[in-house]
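Novice: Here's a structure for you.
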Amino acid sequence: MADGSQKDKEVFEQAVAATTRAVTGDQSIEVRFTADVPGMSREEIRVQHLPHKAKEKDIAEVRGQADAFALKYRYHDAGLHQKLSPGGAVSQAIFDAVETARYEAIGARQMDGMKANLSSLEAKRALENGLLHPSDDE
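Per this note's numbering, the sequence shown starts with residue 417, numbered consecutively.
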């Protein structure tokens, strides 16, 4: 996919969508690729598009993002989460982070490929939040 061909991207997106549906356990969930903010609802999962000239890191991050949303869809109970959520911004942020770690750990423990994808996504999250400094080769 290093050449960025449209056909390769379409095949990649079809594979990611099929895998995402399989992980959610819901074949009716719509998986879309977007240049907008990624996110999810009960009807759809929106994953970032690959860049024009995707690198292995980009591919792993997109897979990780799709895996994370699929795991949340399958294992997160929004009603229970809301019911148990603590007050206060810091407590809420910690509670949310622990819940994310919980459902992502379920997938990481079950599948090595998912573990690698989620690891790439976590590195991206850390970098975006100023927790990591990029190395000289990035």
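Idealized CB from N, CA, C, for every residue including glycine.
1. Within 10 angstroms of the Cβ of Gln447, are there 16 or more other Cβ atoms? Answer buried if so, exposed if not.
2. Is it buried or exposed, Thr450, if we count other Cβ atoms within 10 angstroms and call 16 or more buried?
3. Compare the beta carbon distance of Tyr519 and Leu547 with 8 Å and say whether it is the shorter of the two.
4. Determine the burial state of Arg437: buried for a count of at least 16 other Cβ atoms within 10 Å of its Cβ, exposed for fewer.
5. I'd like to know whether the C-beta atoms of Val478 and Val432 end up nearer to each other than 8 Å.
6. With contact counted as at least three CB pairs below 8 Å, one residue from each stretch, are the region 422 to 432 and the region 461 to 481 in contact?
7. Using 8 Å as the cut-off, can you tell me whether the region 532 to 542 makes contact with the region 450 to 463, which would need three or more C-beta pairs spanning the two stretches below that distance?
Specialist: Answer, in terms of the structure:
1. Just to set this straight, residue 447 is Val in the shown sequence, not Gln. By the neighbour-count rule (16 or more Cβ atoms within 10 Å), Val447 is buried.
2. exposed
3. no
4. buried
5. yes
6. yes
7. no
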